[in-house]
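Enquirer: Just dropping this structure here.
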Amino acid sequence: MAYYIKKGCIGCHYCELECPAGAIYIQNGFNQIDQEKCIGCGSCVDRCNLDLIASTDPAPAPEKHSPIELSCQLLVIGAGGVGTGAAARAADLGLDVILIEAGKHYGGGTWFAHGGQFPGAHKFYAKLGKPSDIEPQVQFWLRNQKNGYKNMDKLRSNIAANGEFLDWFYELDPSFTAPFVPTPEGVPVAFDMKERHINKKSNDDSIGPGWMGSWITEKLFETAMKKGVRYFNQTRAVEFLCEDDTVTGVLATDPGGEVIIRAGAFILGTGGYMMNDERMRAIDPDMIREDPVATYLRLNVPTNVGDGHEMVEKLGGAVNYGFGGTRGPTHHPWSYAVNMMLMNPEAVFIDAEGKRCFDLSNEPMGGGAPISGPNCTASEIILRQKRGLCYLLMDEAMLERFGSRIRPLDNGRPCPWREEVDAEVALEDVPGRKADTLAALAEKLGIEPETLEATVSRYNGFCAGRQDADFGKKPEHLMAFGEGPYYAFAVRNFDNGASRGGISIDEDFRVLRPDGTVIPGIYCAGDAATYSWTENVGPVGLCGGLAGSWASGYHMAELVKDFLT
Ligand SMILES: Cc1cc2nc3c(=O)[nH]c(=O)nc-3n(C[C@H](O)[C@H](O)[C@H](O)COP(=O)(O)OP(=O)(O)OC[C@H]3O[C@@H](n4cnc5c(N)ncnc54)[C@H](O)[C@@H]3O)c2cc1C
Ligand code: SF4
Ligand code: SF4
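For the sequence shown, our numbering assigns the number 144 to the initial residue and increments by one for each residue that follows.
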């Protein structure tokens with residue numbers, strides 16, 4: 144029997160780590176199986192959370208069953224960060240819990256995430272000899288947020304709430320540890336991208352997504368199982384069931400038929416809707432195009448299609464749709480050097496015509512600017528380009544300077560940035576992007592050489608005068624273009640799930656109707672929920688992001704217990 148990897152691989156490395164024959168390798172950014180080496184053991188199949196590894200043999204048809212009826216106190220829907228956190232904590236608090244997951248594997252998008260901030264984890268910090276960092280974090284967010292934060296108490300409690308989760312988790316597993324990387328302001332941040340292979344090692348530690356998401360989620364899932372949570376995979380919630388205007392259950396389907404689950408309360412951890420092409424096109428037709436390069440690079444499980452949103456809508460709940468893209472290389476996994484390059488403040492972003500289009504030297508790549516609204520900049524500009532691509536322009540001296548600053552990898556090995564850059568410009572699925580002259584580079588990119596030369600000449604003028612009249616780049620980042628070779632790294636919109644829209648909730652994660660009233664017994668957080676109540680407190684907002692997904696699951700379980708008793 145032969146095995147192969149279907150389209151959609153995000154290079155998480157799990158299958159590769161499992162393979163006893165060393166038959167799985169990365170080519171052009173995607174994992175492949177070397178048929179010569181493969182011994183057909185099948186071990187990799189179950190390691191792929193995206194269910195992308197298939198055999199050439201047809202799968203057996205599922206056995207059909209008549210409707211199954213189950214009941215519990217709390218039904219948790221979706222076994223990603225929110226769901227596993229909520230189920231583990233709720234069971235820890237003594238609730239009778241059922242957890243259902245549409246996919247074959249638990250983990251959701253959370254499985255692939257790198258890391259996040261856990262400020263205020265007092266016990267955990269104390270173990271590592273670190274002081275509490277709530278106040279520096281408050282100051283950090285006050286300085287960095289854009290829309291003007293108003294409610295200081297909420298900011299403080301949001302920050303502290305992430306830490307409460309980690310302190311609890313640390314009690315579950317005292318072996319847990321994490322690297323801390325200070326921000327330029329000196330605030331300790333747990334888990335840097337560079338440190339992503341924290342508890343499991345991939346074969347190449349400079350490439351691929353991280354393991355923090357999978358590692359903590361795995362522990363939470365195990366905890367939930369140990370504490371008696373009943374778990375059903377391949378069981379997809381379809382709609383809420385009501386009696387006399389009260390929600391009493393959920394209709395779900397598994398491969399064999401219908402499953403009806405009655406419960407006193409429900410937690411929706413069903414993730415975002417980014418894998419739903421129709422929904423995405425309805426938000427903006429340019430997001431999903433015929434040209435795969437021009438289409439958003441979406442990294443997530445195929446089951447995150449917005450089921451929770453539709454269930455809430457059917458119930459008369461409020462849902463907002465919008466989309467938040469970030470910028471990234473055109474493929475995934477990308478190497479550490481390529482990732483860092485997007486944050487290289489000396490580089491210059493140009494659009495598909497060769498004109499400067501935005502400057503991100505004051506903002507990290509993952510700024511997550513929404514594509515509409517007051518913060519809309521880079522993502523929307525990229526979206527409107529002919530092939531959905533902008534370019535990061537550098538000369539040899541800029542590249543050298545970037546390389547001299549890059550930190551070693553987490554195992555102490557120097558980052559092989561030069562090799563990674565060479566591999567990046569050699570990728571076949573996007574335009575080639577290295578040339579000795581600007582004119583030759585322009586030709587490779589399909590742009591007018593005169594336009595590119597004029598862009599560079601104008602920019603060099605700003606560098607000479609130490610003032611960027613077009614985009615206000617900080618003078619210390621203005622470095623004039625000199626000799627070739629020149630590089631243009633393609634930059635594309637990508638999103639890893641954290642939709643900006645979602646199901647409307649209040650501060651206690653309760654699902655709301657459009658008039659702001661609460662639908663009793665239904666709770667939601669994570670990528671399925673709207674971010675609005677966090678008032679732009681970034682990754683420390685309880686509702687969103689990796690840390691936020693676990694922390695909100697944890698806190699929701701406590702609120703649900705209060706509701707039920
Ligand atoms: C590649 C990648 C990298 C990331 N990196 C970071 C990072 O470094 N830092 C950070 O803060 N955040 C990061 N994120 C974002 C972060 O992981 C998410 O915001 C967060 O984990 C979402 O958790 P969730 O539980 O809401 O959703 P998910 O983890 O996606 O879980 C949703 C689950 O619900 C299931 N589901 C959907 N519909 C149904 C249904 N009808 N019935 C039953 N189950 C259903 C899905 O199958 C899925 O398992 C990253 C995400 C990805 C994908
Ligand atoms: S079937 Fe076995 S040998 Fe073949 S790629 Fe998968 S894990 Fe490796
Ligand atoms: S997504 Fe991960 S486990 Fe699945 S095929 Fe790709 S590298 Fe392997």
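Note that CB positions come from ideal geometry on N, CA and C, so glycine has one too.
Nothing here was measured: the structure is a model prediction, and the numbers come from that model.
Report back the beta-carbon spacing between Ser692 and Val225 to the nearest angstrom; my notes put them in contact at under 8 Å.
Expert: 5 Å
Enquirer: Going by DSSP, what residue range makes up the beta strand (DSSP E) through Met537?
Expert: 532-538
Enquirer: In three-state DSSP terms, what is Tyr268?
Expert: Helix, per DSSP.
Enquirer: So for Arg373, helix, strand or coil by DSSP?
Expert: Residue state, collapsed to three classes: strand.
Enquirer: Between the C-alpha atoms of Gly687 and Lys297, what's the straight-line distance to the nearest angstrom?
Expert: 15 Å
Enquirer: Where Ile341 and Met355 are concerned, what is the direct C-alpha to C-alpha distance, given to the nearest angstrom?
Expert: In this predicted model, Ile341 has a pLDDT of only 46, less than 50, meaning its place in the structure is not dependable enough to derive any value.
Enquirer: Please find out if some non-hydrogen atom of ligand 1 comes closer than 7 Å to the beta-carbon of Asn639.
Expert: yes
Enquirer: Look up Gly252 in the DSSP assignment and give the residues it is bridged to.
Expert: Bridge partners of Gly252: none, in fact.
Enquirer: Answer with buried or exposed for Met622, where buried requires no fewer than 16 other C-beta atoms within 10 angstroms of its C-beta.
Expert: buried
Enquirer: Smallest Cα separation from Leu536: which of Trp284, Met430, Leu526, Thr580?
Expert: Thr580
Enquirer: Quick check on Asp670: buried or exposed, where buried means 16 or more other Cβ atoms within 10 Å of its Cβ?
Expert: Here Asp670 is buried. Its C-beta has 16 or more other C-beta atoms within 10 Å.
Enquirer: Compare the C-alpha of Ala633 against each of Gly644, Phe283, Ala668, Val568 and name the closest.
Expert: Val568
Enquirer: With distance defined between alpha-carbon atoms, name the residue in Leu442, Val654, Pro435 nearest to Cys152.
Expert: Leu442
Enquirer: Which one or two residues does DSSP pair with Cys606 in a beta bridge?
Expert: Paired residues: none, contrary to the question.
Enquirer: Classify Arg548 as buried or exposed, calling it buried when 16 or more other Cβ atoms lie within 10 Å of its own Cβ.
Expert: exposed
Enquirer: Using alpha carbons as the reference points, say which of His475, Leu526, Val444 lies closest to Ala495.
Expert: Leu526
Enquirer: Does the Cβ of Leu584 have 16 or more other Cβ atoms within 10 Å, making it buried, or fewer, making it exposed?
Expert: Burial call: buried.
Enquirer: If you draw a straight line from the C-alpha of Gly546 to the C-alpha of Asn487, how long is it?
Expert: If I take the Cα positions, the gap works out to 10 Å.
Enquirer: Alpha carbon to alpha carbon, how far is Gly259 from Ser198? Give it in angstroms, no decimals.
Expert: 36 Å
Enquirer: Within the structure, which residues are defined as neighbours of ligand 3 by a Cβ-heavy atom distance below 7 Å, reported in chain order?
Expert: Ile148, Cys152, Ile153, Gly154, Cys155, His156, Tyr157, Cys158, Glu159, Ile167, Asn174, Cys187, Arg190, Cys191, Asn192, Leu193, Leu195, Ile196
Enquirer: Pick from Ile359, Asp387, Phe261, Lys617: whose alpha carbon is nearest that of Gly251?
Expert: Checking every option, the nearest Cα to that of Gly251 belongs to Ile359.
Enquirer: Rounded to whole angstroms, what is the Cα-Cα separation between Tyr697 and Ala231?
Expert: 8 Å
Enquirer: Check whether the segment 159-172 touches the segment 183-198, counting contact only when three or more Cβ pairs, one atom from each stretch, lie closer than 8 Å.
Expert: yes
Enquirer: The alpha helix (DSSP H) that contains Val568, what's its start and end?
Expert: Element bounds for Val568: 560-568.
Enquirer: Among all the DSSP beta bridges, which residues are the ones paired with Arg441?
Expert: Asp638
Enquirer: Would you call the segment 302-320 and the segment 259-274 in contact, with 3 or more CB pairs under 8 Å?
Expert: yes
Enquirer: Beta-carbon within less than 6 Å of Lys529's beta-carbon, same chain only, minus the 5 sequence neighbours each way: which residues are those?
Expert: Ala495
Enquirer: Around the Cβ of Cys191, are there at least 16 other Cβ atoms within 10 angstroms (buried) or fewer (exposed)?
Expert: buried
Enquirer: For Ala164, is the beta carbon positioned less than 7 Å from some heavy atom of ligand 2?
Expert: Yes, since a heavy atom of ligand 2 falls inside the 7 Å radius drawn around the Cβ of Ala164.
Enquirer: DSSP three-state label for Asn482, please.
Expert: helix
Enquirer: Mind checking which residues open and close the alpha helix (DSSP H) that includes Val703?
Expert: 688-707
Enquirer: Using the DSSP secondary-structure output, state which residues sit across from Ile493 in a beta bridge.
Expert: Paired residue(s): Arg499, Tyr534.
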